[in-house]
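Visitor:
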Amino acid sequence: MKQLFDETYSENRTLWYAYFKDIKQIDLIETISQIIQTDLQNSEDVSATSWIFYREELQKDALEEKIRSSIMVRFVDGRYYVQYNMSDFEFVTQREVIANWLERLKENLEN
Numbered sequence: 052m053k054q055l056f057d058e059t060y061s062e063n064r065t066l067w068y069a070y071f072k073d074i075k076q077i078d079l080i081e082t083i084s085q086i087i088q089t090d091l092q093n094s095e096d097v098s099a100t101s102w103i104f105y106r107e108e109l110q111k112d113a114l115e116e117k118i119r120s121s122i123m124v125r126f127v128d129g130r131y132y133v134q135y136n137m138s139d140f141e142f143v144t145q146r147e148v149i150a151n152w153l154e155r156l157k158e159n160l161e162n
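Using the numbering used here, the first residue of the sequence shown is number 52, and each one after it goes up by one.
1) According to the Cβ coordinates, are residue 125 and residue 135 closer than 7 Å?
2) What residue does the alpha helix (DSSP H) around residue 112 start on, and which one ends it?
3) Measure the CB-CB distance between residue 122 and residue 104 and report whether it falls below 7 Å.
4) Rounded to the nearest angstrom, what separates residue 109 and residue 118 at their Cα positions?
5) Please name the residue in 113, 77, 83 whose C-alpha comes closest to that of residue 138.
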């Protein structure tokens, strides 16, 4: 994945990456975990680091507006927080799959 931006505000660092195909991508959890571990080595002077990973494909919601899904990870106070921003279509058709995938990602990051 290509790093788009790296911004540090005060003691918070945010990194943006593009693009992942979808969560069915076989090595996605490992790729994200490796990126995060590498970035954490360079985050010694910050108290919180956030990552945003954008999905390659744009989707449309029920109102025909374009949506780009994203995976967000935040590391603060020794804990990982994970979230997936999704379209309404993904919520209706894949919410449980996405929730399970996020649990696997979090477990992988914590180990």
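Where is the CB? At the ideal position from N, CA and C, for every residue including glycine.
Guide: This is what the structure gives:
1) For this step, residue 125 is matched to residue 74 along the sequence shown. For this step, residue 135 is matched to residue 84 along the sequence shown. Result no, Cβ atoms of residue 125 and residue 135 do not sit closer than 7 Å.
2) Within the sequence shown, numbered from 1, the residue matching residue 112 stands at position 61. Neither: residue 112 is in no alpha helix (DSSP H) and is coded neither H nor E.
3) Here residue 122 is taken as the residue at index 71 of the sequence shown, counted from 1. Here residue 104 is taken as the residue at index 53 of the sequence shown, counted from 1. Yes.
4) Along the sequence shown, read from residue 1 onward, the residue named residue 109 stands at position 58. Along the sequence shown, read from residue 1 onward, the residue named residue 118 stands at position 67. Between residue 109 and residue 118, the C-alpha separation is close to 6 Å.
5) Numbered from its first residue, the sequence shown carries residue 138 at position 87. Among 113, 77, 83, the Cα nearest to that of residue 138 belongs to 113.
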